[in-house]
Amino acid sequence: IVVNALVNAIPAIMNVFLVCMVFWLIFSIMGVQFFKGRHQFEYKEVANKTACLDRNATWQNLNINFDSTANGFLALFQVATFEGWMEIMQAASDSTDVDKQPQFEATMNAYLYFVVFIVIGSFFSLNLFIGVIIDNFNVLKKKYEGNYLDAFLTQNQRNYYNILKKAGTRKPKKTVKRPQNKFLLLFYDLAVSSRFEMAIVLLVFLNLVINAVYHYNETQAVTEFLDMMNILFVTVFTLEMTVKIIGLRIHFFRFSLHVFDLIVVVLSILAFVLDHVLSVLIVQPTLLRIVRVFHIGRVLRLIKAAKGIRKLLFAIIISLPAVFNIGALLFMIMFVYAIIGMSLFGTVRLTGVFNEIVNFRTFGNSFMLLLRLSTAAGWNDVLEALLVKEPYCNPKHFTLPDNTTRHSSHGDCGIPYLAIPYMVSYIILVWLIVVNMYIAEEVGITEDDFDMFYTVWEKYDPFATQFIKYEQLPDFVGDLDPPLQIPRPNEITLVTFNIPILEGEKMHCLDVLIALVKYVLSEVEETHELRSLKKQIEAKFFERFPARYNIVVKSTTLQRKKEDVAARTLQRSWRSYKAQRAMQSITAYARKQKILRAAYSGSRPFTSTMIDLSRRLELALNKFFLVQKDMWDLSESYCPTPFNVN
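See below:
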């Protein structure tokens, strides 16, 4: 898949490559105009070439120069990769004129030329080239992996899709029940205590400080103190594991972090025992030092307490498959280049950075040298050694390791027209392309956030039924940690999520988690490609959460709010109608008894009829103000715009 994606990305890569080459061509032509013929010199102080030749000395030229456009490209490539670029810039700034000896910073304007090129030719062009390579490679890689639809998603949609795939890998776990036995209950309370855990973390950190005290030529008192502290730490950590195993019982092994702690403690005990056994026996000191290194394993327990470190560790674990694929491709490229390098440059004289180890004389040496060059470290020095020429080499013969001499068309000199394309192509292919193929993308929700979600879920669903009550949702979401948390009051926000409400007024953990994920990622546009990919995930969800799909969906949070608003509207209308009817009844009754006429004339009859009328008026007014209160409540609980999670 990696090779096919890389090969098929070549046409798209060539477009941006040509654009970058146009920029470089302009700077190469400018460099030729500014510095051609000005990189020649003699090691001793002379005025010019004539004075040098009069002394029978050699008037030399730098291997990397601007004497031609091709040479200018090579010099600029070296500058763009920031390998040996200071020497090239210094040579240009010291140049004076053709056939003249260089003088320190005689051409200060050269600095401006190189600064502008670094900004345009390296920071812009080279990074643009790398970015296009990565983007096209990722698109074609998804196509060959069968996820071609993924290539048409936006970044936000892709993050949402990737998080959905991770969301289906976890399920709620049953809460560890408190034991009934008083003895076990004591250990249980201590094992789950946050203060106890914090004390252990502080001891682990103190253990790290103690391990850092070891040093060369330490006194006997320091050695004895450190040994005593190690015994103390091993004892404390062993007691901690004992407390947790007794308190949590078989549930201790359900938690991967607890198992990790147990392994670290066992290794610490093993290292402590071997340390004392080997110190009594007559063994090599190197073996003893290797065993003592295992003491550092206790520091790994800080991973459990440090969320940031766990994120990095998870990123490394997730990236391993991609690293293996890219590593296999990188190995094949290096294997081929090692054979070619051994065939072409196996006889080059050992000058410059070349020595008995750094050379192309054997396959092993070639491979190790190319492994170093995959980071582009010092590739310009290796190229300089491959460009060796007379009088520093013999153009007709080369010497074998057994000091025998053999004839060759190039002797032990370099082959510039082969060395330059060999080295430049390797750096472009390996350093610019293969090594940059894998880029880890971190989104706002991580594995730790999923663990936190289900840890809080256990408080509301202790039996791991995967469901909570609808009325528990606001409290549950408020108890989460960022970024999934929505602090109280959150009822209106949760209504917009449109989360399904299942039969029995229950809500499933997966529905709630997906709604919160979409909320964290803001608006995720629903496209045909995203819907098609979600259908693929739904099939996996059905296998992972069969209970979710066996219960009928009765409503949603948004629909429930609409029903509540509709009910309040009907109640308001009915009460308003009843109030109006009461007022009409009072008016009709008053007219019938001619009370209004009596009131107008100024009389105030306090008869039973007036008392009855007052009671009816009070009832009508109470109904009227009750309707007004309902209208006020309704305005506060308006029906918001839905937030679709489907």
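Quick note on the UniProt record's numbering: the sequence shown kicks off at 1 and runs consecutively.
Ideal Cβ positions, reconstructed from N, Cα and C, are used throughout, including at glycine.
All values reported here derive from a predicted model rather than from experimental measurement.
- Can you give me the Cβ contacts of residue 453 inside the same chain, cut-off strictly under 7 angstroms, excluding the 5 residues immediately before and after it? Indexing the sequence shown from 1 puts residue 453 at position 453. 480, 484 and 513.
Going straight from the alpha carbon of residue 365 to that of residue 331, what length do you get?
Locating residue 365 in the sequence shown gives position 365, where the first residue counts as 1. Locating residue 331 in the sequence shown gives position 331, where the first residue counts as 1. Residue 365 and residue 331: Cα-Cα distance of roughly 15 angstroms.
Would you mind working out which of 465, 421 and 208 sits nearest residue 74, comparing C-alpha positions? On the sequence shown, residue 74 is found 74 positions in, with the first residue counted as 1. Measuring from the Cα of residue 74, the nearest candidate turns out to be 421.
* DSSP on residue 63, reduced to helix/strand/coil? -> On the sequence shown, residue 63 is found 63 positions in, with the first residue counted as 1. Residue 63: coil per DSSP, three-state reduction.
*Taking the runs of the alpha helix (DSSP H) that are 4 residues or longer, which of them lie wholly in the UniProt domain "Ion transport" (1 to 143)?*
The UniProt domain "Ion transport" (1 to 143) contains these whole alpha helix (DSSP H) runs: 2 to 8, 10 to 35, 49 to 54, 69 to 80, 85 to 94 and 109 to 117.
**Request:** Alpha carbon to alpha carbon, how far is residue 415 from residue 47? Give it in angstroms, no decimals.
**Result:** Stepping through the sequence shown from its first residue, residue 47 is reached at position 47. Stepping through the sequence shown from its first residue, residue 415 is reached at position 415. Computed Cα separation, rounded: 32 angstroms.
First and last residue of the uninterrupted alpha helix (DSSP H) at residue 363
For the purposes of this step, residue 363 is taken as residue 363 along the sequence shown, with counting starting at 1. Segment 363 to 373, the alpha helix (DSSP H) holding residue 363.
Let me confirm a value: residue 215 is counted as buried when at least 16 other C-beta atoms fall within 10 Å, else exposed. Which label applies? Taking the sequence shown and counting its residues from 1, one reaches residue 215 at position 215. By the neighbour-count definition (other C-beta atoms within 10 Å, threshold 16), residue 215 is an exposed residue.
Separation of residue 363 from residue 357, as counted between CA atoms: Sequence index remark: in the sequence shown, residue 357 carries index 357 (1-based). Sequence index remark: in the sequence shown, residue 363 carries index 363 (1-based). Their backbone Cα atoms lie some 11 angstroms apart in a straight line.
Give me the Cα-Cα distance between residue 7 and residue 37, rounded to the nearest whole angstrom.
In the sequence shown, counting from the first residue as 1, residue 7 sits at position 7. In the sequence shown, counting from the first residue as 1, residue 37 sits at position 37. Going from the Cα of residue 7 to the Cα of residue 37 covers about 40 angstroms.
**Prompt:** Do residue 371 and residue 382 have their CB atoms nearer than 8 angstroms?
**Reply:** Counting from 1 along the sequence shown, the entry for residue 371 is found at position 371. Counting from 1 along the sequence shown, the entry for residue 382 is found at position 382. Not closer than 8 angstroms, so no.
Integer Cβ distance of residue 434 from residue 326, believed to fall under 8 angstroms: Counting from 1 along the sequence shown, the entry for residue 434 is found at position 434. Counting from 1 along the sequence shown, the entry for residue 326 is found at position 326. The Cβ separation is near 6 angstroms, so the contact holds.
Exercise. How big is the Cα-Cα spacing for residue 410 and residue 211?
Worked result: For the purposes of this step, residue 410 is taken as residue 410 along the sequence shown, with counting starting at 1. For the purposes of this step, residue 211 is taken as residue 211 along the sequence shown, with counting starting at 1. In a straight line, the C-alpha of residue 410 is about 58 angstroms away from that of residue 211.
Task: residue 39 burial status per 10 Å Cβ neighbour count (16 or more: buried) - done: Within the sequence shown, the letter at position 39 stands for residue 39. Classification for residue 39: buried.
CA-to-CA distance, residue 136 to residue 440, given in whole angstroms
Locating residue 440 in the sequence shown gives position 440, where the first residue counts as 1. Locating residue 136 in the sequence shown gives position 136, where the first residue counts as 1. Note that residue 440 scores 42 on pLDDT, short of 50, meaning its location in the model is unreliable and no value can be drawn from it.
DSSP three-state assignment for residue 502, whether helix, strand or coil: Position 502 of the sequence shown holds residue 502. Looking at residue 502 - three-state DSSP - the assignment turns out to be strand.
query: In or out: residue 343 buried (at least 16 other Cβ within 10 Å) or exposed?
result: For the purposes of this step, residue 343 is identified with residue 343 of the sequence shown, where counting begins at 1. It counts as exposed.
Range covered by the alpha helix (DSSP H) that runs through residue 201: The sequence position of residue 201 within the sequence shown is 201, counting from 1. Looking at the DSSP string, the run of the alpha helix (DSSP H) that includes residue 201 is 194 to 211.
Task: Same chain only: Cβ atoms within 8 angstroms of residue 269, ignoring 5 sequence neighbours per side - done: Counting from one through the sequence shown, the residue named residue 269 turns up at place 269. So the list reads 234 and 238, once near-sequence residues are dropped.
Nearest by alpha-carbon distance to residue 427: which of 349, 72 and 83 is it? Along the sequence shown, one-based indexing puts residue 427 at 427. Ranking the options by Cα distance to residue 427, first place goes to 83.
Alpha carbon to alpha carbon, how far is residue 564 from residue 511?
Residue numbering aside, residue 564 sits at position 564 when the sequence shown is read from its first letter. Residue numbering aside, residue 511 sits at position 511 when the sequence shown is read from its first letter. Distance between the alpha carbons of residue 564 and residue 511: 22 angstroms.
Cα-Cα separation between residue 130 and residue 10, rounded to whole angstroms: Numbered from its first residue, the sequence shown carries residue 130 at position 130. Numbered from its first residue, the sequence shown carries residue 10 at position 10. Looking at the two C-alpha atoms, the distance is approximately 13 angstroms.
Local Cβ density within 10 Å of residue 70, reported as buried at 16 or more and exposed below that
Along the sequence shown, read from residue 1 onward, the residue named residue 70 stands at position 70. With fewer than 16 other Cβ atoms from the protein chains shown falling within 10 Å of its own Cβ, residue 70 counts as exposed.
Query - For residue 348, three-class secondary structure by DSSP - result: As a working note, residue 348 is residue 348 in the sequence shown. In this structure, residue 348 counts as coil in the three-state DSSP scheme.
Original post:
Is DSSP giving residue 553 helix, strand or coil here?
Top reply: Translated into positions along the sequence shown, residue 553 becomes position 553. Of the three classes helix, strand and coil, the one that applies to residue 553 here is strand, per DSSP.
Cα separation between residue 133 and residue 196?
-> Indexing the sequence shown from 1 puts residue 133 at position 133. Indexing the sequence shown from 1 puts residue 196 at position 196. Answer to the nearest angstrom: the Cα atoms are 51 angstroms apart.
| request: Would you be able to state if there are at least three C-beta pairs under 8 angstroms between the region 216 to 231 and the region 244 to 255? | output: no
Can you grab the Cα-Cα spacing for the pair residue 469 / residue 181, in whole Å?
Residue mapping note: residue 469 aligns to position 469 of the sequence shown, counting from 1. Residue mapping note: residue 181 aligns to position 181 of the sequence shown, counting from 1. Their backbone Cα atoms lie some 32 angstroms apart in a straight line.
- Item | Whole-number beta carbon distance between residue 509 and residue 466, since they are thought to touch under 8 angstroms | Here residue 466 refers to the residue found at position 466 of the sequence shown. Here residue 509 refers to the residue found at position 509 of the sequence shown. About 5 angstroms separates the two Cβ atoms, so the contact holds.
* Beta-carbon spacing of residue 385, residue 353 below 8 angstroms -> Translated into positions along the sequence shown, residue 385 becomes position 385. Translated into positions along the sequence shown, residue 353 becomes position 353. Yes, the pair counts as a contact, with Cβ atoms nearer than the cut-off.
From 30, 224, 566 and 258, pick the residue whose C-alpha is nearest to that of residue 276; which is it?
What you label residue 276 is simply residue 276 of the sequence shown in a count that begins at 1. The candidate whose alpha carbon is nearest that of residue 276 is 224.
### Query
Buried or exposed: which applies to residue 76, given that a residue is buried once 16 or more other Cβ atoms fall within 10 Å of its Cβ?
For the purposes of this step, residue 76 is taken as residue 76 along the sequence shown, with counting starting at 1. Classification of residue 76: buried, given that the 10 Å Cβ count is 16 or more.
Does the count of Cβ pairs from the region 456 to 464 and the region 94 to 110 closer than 8 angstroms reach three?
no
| Beta-carbon proximity list for residue 557, same chain, < 7 angstroms, skipping 5 on both sides | Position 557 of the sequence shown, counted from the start, is the residue given in the question as residue 557. If we look at residue 557 and ignore the five residues flanking it on each side, its Cβ neighbours are 494, 495, 497, 498, 499 and 501.
Can you give the beta carbon distance from residue 387 to residue 338, rounded, assuming they're within the 8 angstroms contact cut? Here residue 387 is taken as the residue at index 387 of the sequence shown, counted from 1. Here residue 338 is taken as the residue at index 338 of the sequence shown, counted from 1. Not really, about 20 angstroms apart at Cβ, beyond 8 angstroms.
Worksheet item: So the alpha helix (DSSP H) residue 244 belongs to, where does it begin and stop?
Response: In the sequence shown, counting from the first residue as 1, residue 244 sits at position 244. Element bounds for residue 244: 220 to 248.
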